[in-house]
Every structure is written in C-alpha cells, then in structure tokens.
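First comes the structure, then the notes that go with it.
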Amino acid sequence: MKFSTELLHGTSPEKITGSTTQPIYQTSAYYQETAEDMEKIFAGRKPGFVYTRVNNPTIANFERRMAALEHGIGAVAFSSGMSAVSMAIMNILETGDEIVSNSGLFGGTSAFFNELKSFGVNIKYVVENRPENFASFITEKTKLIYVETIGNPKLDVADIKSLAELAHSKSLPLFVDNTVTTPYLIKPLDFGADIVIHSTSKMINGGGNSIGGIVICGKNFKWNPVKFQKLNNFAKFGNMSYIVRLRSNMLMNFGGCAAPFNVFLTGIGLDTLGLRMQRACDNASKLAKFLSEKKDILVNYPGLENNLYHELAKTQFNNKFGTMFTIRLGSKENAFKFINSLKFALNVSNIGDARTLVIHPASTIYFHANEAEKINAGVTDDLVRVNVGLEDIADLISDFEQALQNRISY
Ligand SMILES: *Cc1c(COP(=O)(O)O)cnc(C)c1O
Numbered sequence: 003m004k005f006s007t008e009l010l011h012g013t014s015p016e017k018i019t020g021s022t023t024q025p026i027y028q029t030s031a032y033y034q035e036t037a038e039d040m041e042k043i044f045a046g047r048k049p050g051f052v053y054t055r056v057n058n059p060t061i062a063n064f065e066r067r068m069a070a071l072e073h074g075i076g077a078v079a080f081s082s083g084m085s086a087v088s089m090a091i092m093n094i095l096e097t098g099d100e101i102v103s104n105s106g107l108f109g110g111t112s113a114f115f116n117e118l119k120s121f122g123v124n125i126k127y128v129v130e131n132r133p134e135n136f137a138s139f140i141t142e143k144t145k146l147i148y149v150e151t152i153g154n155p156k157l158d159v160a161d162i163k164s165l166a167e168l169a170h171s172k173s174l175p176l177f178v179d180n181t182v183t184t185p186y187l188i189k190p191l192d193f194g195a196d197i198v199i200h201s202t203s204k205m206i207n208g209g210g211n212s213i214g215g216i217v218i219c220g221k222n223f224k225w226n227p228v229k230f231q232k233l234n235n236f237a238k239f240g241n242m243s244y245i246v247r248l249r250s251n252m253l254m255n256f257g258g259c260a261a262p263f264n265v266f267l268t269g270i271g272l273d274t275l276g277l278r279m280q281r282a283c284d285n286a287s288k289l290a291k292f293l294s295e296k297k298d299i300l301v302n303y304p305g306l307e308n309n310l311y312h313e314l315a316k317t318q319f320n321n322k323f324g325t326m327f328t329i330r331l332g333s334k335e336n337a338f339k340f341i342n343s344l345k346f347a348l349n350v351s352n353i354g355d356a357r358t359l360v361i362h363p364a365s366t367i368y369f370h371a372n373e374a375e376k377i378n379a380g381v382t383d384d385l386v387r388v389n390v391g392l393e394d395i396a397d398l399i400s401d402f403e404q405a406l407q408n409r410i411s412y
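So this is what it looks like as structure tokens:
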C-alpha cells in the first residue's frame with residue numbers, strides 16, 4: 003500500500019455508530035458498572051477507560067493511527083511536542099546519564115537539554131552531523147542517542163541507518179524527532195531507530211490549529227535491565243515495556259495529556275498529510291532553487307545539489323527534501339528588512355502550517371542561547387528560516403523577489 007492509501011484506510015470507521023470521523027469524547031472520566039470492573043481496569047486486567055489524563059477513545063484512535071503510520075507497536079500522545087520530547091527521554095533517564103545529540107536542534111529541545119543539566123544529566127553535542135562523530139562521544143554513561151531527521155534550523159541531515167547501527171552496537175536506543183520530515187519522507191523505525199517523536203503541532207496537523215505531540219515505539223530494542231532500571235517493573239510487557247511505562251508513569255504522573263478536541267482536529271489534518279507534504283516539498287524545492295540563483299544570498303536546503311547532505315537526503319528521504327530552508331542575507335538589518343517586506347509569507351514562530359512562514363531565529367527561537375550554542379546550531383544574525391506552505395509557487399516567488407529588492411544593499 004502506498005502512503006496516502008495507508009494513511010486513509012489504516013483505521014476503520016468508529017464501531018458504535020459507523021461514524022467515519024472519530025467522535026470527540028469530550029469527557030474527563032468514565033463510569034464503570036461495578037467496583038470490581040473498576041478494580042480490574044486499574045490493575046490492567048480488563049481493557050477500559052478511567053480518566054482522560056491517562057487515556058481517552060479519541061486520543062487512543064489517533065495513537066493507533068500514528069503508530070501504524072510509523073510502523074511502530076505503540077504510541078502515547080501528549081499535550082505538546084515539548085511534552086513528548088521531555089517525557090520520552092525522562093522515561094528512561096537517571097541522574098549521571100549522558101545524551102549524545104546532534105547540535106542543530108529545535109530551540110525548545112536545546113533549552114530542555116539545558117534544563118536537564120540541573121538534574122545531573124550531561125548533553126554532548128555533535129557539531130558535524132556524521133555517524134563517526136557520534137561514536138567518539140559515547141561513554142558508559144551514555145543512555146541514548148538523540149537526533150532530529152533534519153535539524154531545525156541547521157538543516158543537517160542525520161544518517162538514521164548508520165546511527166541506529168552505531169547505537170545498537172553499544173546497546174543504546176536511537177531516539178529520532180521526525181517532526182520536520184514526517185512519515186511521508188521517512189519512517190525512522192524502518193531504518194532501525196527505536197523511538198520516534200513528533201510535534202504534531204506542525205505538518206501532521208497542518209493547519210496550525212492545535213498544539214500536540216506523540217511518542218511512538220518500535221519493536222526491536224532490547225531494554226537491558228541493568229542499564230534501563232526504570233523499565234524493570236515493566237519487564238513482563240516485553241518490547242512494550244517502554245511505551246507502557248511512558249503512559250502509566252510519565253503521562254499519569256507528569257500529567258501532560260493531550261486534549262480530545264485538539265487530537266480530533268489533528269486527526270483531520272493527518273488525513274491530507276501526503277497531499278500537503280507533496281505540495282509543500284515541491285514548493286520549497288522551487289523557491290530554494292530560485293533564491294540560490296540570486297547573488298549575495300546563501301541558501302541552505304538539502305535539496306540543492308551543492309548541499310553537504312544532498313546525497314544522503316536523496317536516498318534516505320526518497321528524493322524529497324522537506325519544506326524548510328534558510329537563507330543568509332548578510333546582516334541582521336537585511337534579514338529584518340526582508341521579513342518586514344514579505345506580503346504572503348508570515349512572520350511566525352512555528353513551522354508546518356498551510357501558509358508560508360518566516361522567522362529570524364537568532365532573536366527569537368534561539369534567544370535563550372549563548373554565542374557558542376548559536377554557532378553550533380547554525381544560527382547566525384543574518385539568517386532567516388523559511389517554512390514553505392501550500393500557496394501557488396508563482397506568487398511565492400514574486401513575493402520573495404520583491405522583498406529581496408527591498409533589503410538594504412551591502
Ligand atoms: C516544534 C517542534 C518541537 C516542539 O513541539 P511543540 O508542539 O511546539 O511543543 C519539537 N521538535 C521539533 C523539531 C519541532 O519543530
């Protein structure tokens with residue numbers, strides 16, 4: 003089955019009424035006939051719903067769809083992508099652990115990693131994103147390898163297959179944030195990754211109308227009981243132990259649950275993911291190519307043939323290159339003037355919207371970072387991040403063209 007068919011026919015209509023869209027179960031709690039039933043559900047001996055902080059039929063349906071789409075065995079939805087990122091990691095993390103990560107990270111994730119330092123967790127950043135560079139940072143304290151498929155906004159591409167082989171040779175799991183690429187470009191679990199994370203606020207939702215996140219677990223990783231002690235009480239669940247603990251401890255005790263209505267909207271967005279990604283990737287390729295032919299502008303997009311990661315992206319992402327690129331305009335003044343001159347592209351902090359979005363990362367999503375962190379993340383003062391939407395390409399090109407003419411000459 004091809005992508006969009008799998009996407010649309012992966013789940014059947016709702017059982018009770020045949021409703022083709024999933025009903026919104028806008029409820030906090032669920033009545034049970036008897037105290038015995040309630041006891042069994044709490045003990046996990048009977049399937050059922052108790053409280054929406056832990057599970058909800060609307061959310062469960064979305065979790066099943068996302069797990070199927072990513073070829074995983076289970077998923078837990080969260081209130082935001084950041085909640086998904088933090089809970090996914092803290093589900094196995096202990097004081098003294100180390101994480102080896104690519105450095106071109108989404109600003110929120112890098113800020114969260116800074117937060118972890120106060121809990122005695124050390125993060126080692128690989129500046130040049132190549133598997134052999136990850137190897138040199140791994141110690142006996144390393145708990146996991148963490149990467150984004152395409153770094154946001156560095157646009158560095160992680161070699162998932164090689165990194166999975168490296169991680170497994172050291173008995174470590176590979177965590178992959180697949181937000182920027184979505185399963186349309188890559189299903190990281192098929193390349194050997196173990197845990198996949200999404201901010202569903204972005205392309206999965208597609209309309210910029212709900213914040214959400216999800217963590218999906220693959221079937222192959224062996225959680226060594228000495229190394230991953232937090233999972234020991236869950237050993238009887240076998241390869242589901244990670245995902246069972248994620249729900250019963252992280253979701254239950256930290257409480258970052260998704261809202262049924264948000265998940266309902268995101269599920270509607272998900273139906274058209276294939277169509278939207280196809281259009282947005284196509285638009286991004288054309289717009290990046292157009293800008294790369296202008297003099298004095300540096301364009302960073304894996305789709306351009308001179309890009310460091312072009313060959314890897316081409317094979318790994320099935321000849322697609324994503325919806326995001328960055329341009330360097332020579333100075334902060336130029337970048338601001340350019341952003342202020344755009345008519346269609348909106349100055350907005352998110353990505354993965356139906357509309358084309360731009361932002362100046364250094365003064366916004368990376369404002370928390372020091373100079374060294376900015377350099378490692380590829381954030382310079384003259385950089386503008388562009389996230390291409392679904393508009394007609396001719397209009398985007400003419401909008402960018404007129405905005406370029408308006409920038410200060412240098
Ligand atoms: C946006 C984003 C997140 C965080 O998601 P929120 O839904 O905004 O909390 C994490 N990772 C990546 C790559 C993102 O783009």
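254 is the number that the numbering used here gives to position 252 of the sequence shown; each next residue is one higher, with no gaps.
All C-beta atoms, glycine included, are put in the ideal place defined by N, C-alpha and C.
Around I199, the same chain offers A86, V87, A90, D179 and V217 as residues with beta carbons nearer than 6 Å, after the five sequence neighbours per side are excluded. By the neighbour-count criterion, in which a residue is buried when 16 or more other Cβ atoms sit within 10 angstroms of its Cβ, Y53 is exposed.
Taking a contact to require three or more Cβ pairs closer than 8 Å, the region 190–199 and the region 327–341 do not qualify as touching.
Put simply, the region 60–68 touches the region 5–24. At least three CB pairs are less than 8 Å apart. Around the CB of N131, 16 or more other CB atoms lie within 10 Å, so the residue is classed as buried. Spatial neighbours of S201 in its own chain (CB-CB distance under 6 Å, excluding positions within 5 residues in sequence) are listed in chain order as G83, T181 and G215. For G215, the shortest C-beta to heavy atom distance toward ligand 1 is below 7 Å. Inter-residue distance for N302 and I140 is about 29 Å (C-alpha atoms, whole angstroms). Secondary structure of H312 (DSSP, three-state): helix. Here L267 is not near C259, since their CB atoms are 8 Å or more apart. Relative to the non-hydrogen atoms of ligand 1, the Cβ of K204 comes within a distance shorter than 7 Å of at least one. When secondary structure is reduced to three states using DSSP, K189 falls in the coil class, being assigned neither helix nor strand. Only residues of its own chain outside the window of five on either side were considered, and among them L191, I218, C219 and G220 have a CB closer than 6 Å to the CB of G74, listed in chain order. Each residue's CA atom was taken as its position, placing P133 and K238 some 34 Å apart.
Contact holds between the region 203–210 and the region 347–364, because three or more Cβ pairs, one in each stretch, are under 8 Å apart. Three or more Cβ pairs closer than 8 Å define a contact, and the region 289–296 falls short of that threshold against the region 344–351.
Residue range G215 to C219 is occupied by the beta strand (DSSP E) that includes C219. With contacts defined by Cβ atoms closer than 8 Å, F121 and T144 do not form a contacting pair.
Assigned with DSSP and collapsed to three states, M326 falls in strand. The region 100–115 and the region 36–50 do not touch, with fewer than 3 CB-CB distances between them shorter than 8 Å. Separation of Q34 and E313 (C-alpha to C-alpha, rounded to the nearest whole angstrom) is 56 Å. In this structure, the beta-carbon distance from N58 to L248 does not fall below 8 Å.
Burial state of K156 is buried, judged by a 10 Å Cβ sphere holding 16 or more other Cβ atoms.
Taking the Cα positions, G46 is about 16 Å away from V78. F266 has its CB no nearer than 7 Å to any heavy atom of ligand 1. The beta carbon of G20 sits closer than 7 Å to no other beta carbon from its chain once the five residues preceding and following it are set aside.
Here D298 has G332 as same chain residues with Cβ atoms under 7 Å from its own Cβ, once five neighbours each way along the sequence are excluded. Around the beta-carbon of E72, 16 or more other beta-carbon atoms lie within 10 Å, marking it buried.
The Cβ atoms of D99 and V123 sit closer than 8 Å to each other. Considered as a whole, the region 46–97 harbours 59–71 and 83–92 as its complete alpha helix (DSSP H) runs of no fewer than 4 residues, in chain order.
F263 sits exposed, since fewer than 16 C-beta atoms from the chains shown fall within 10 Å of its C-beta. In the DSSP assignment, R387 falls outside any alpha helix (DSSP H) and within the unbroken beta strand (DSSP E) covering L385 to N389. Proximity to H170 across L146, L187 and N321 peaks at L146, based on C-alpha coordinates. Taking each of S105, H11 and S30 in turn and checking the Cα distance to M68, the smallest one comes out for H11. According to the DSSP secondary-structure assignment, H200 is paired through a beta bridge with I216. Check the Cα spacing between A286 and each of L306, D273, K126 and T274: the tightest is with L306.
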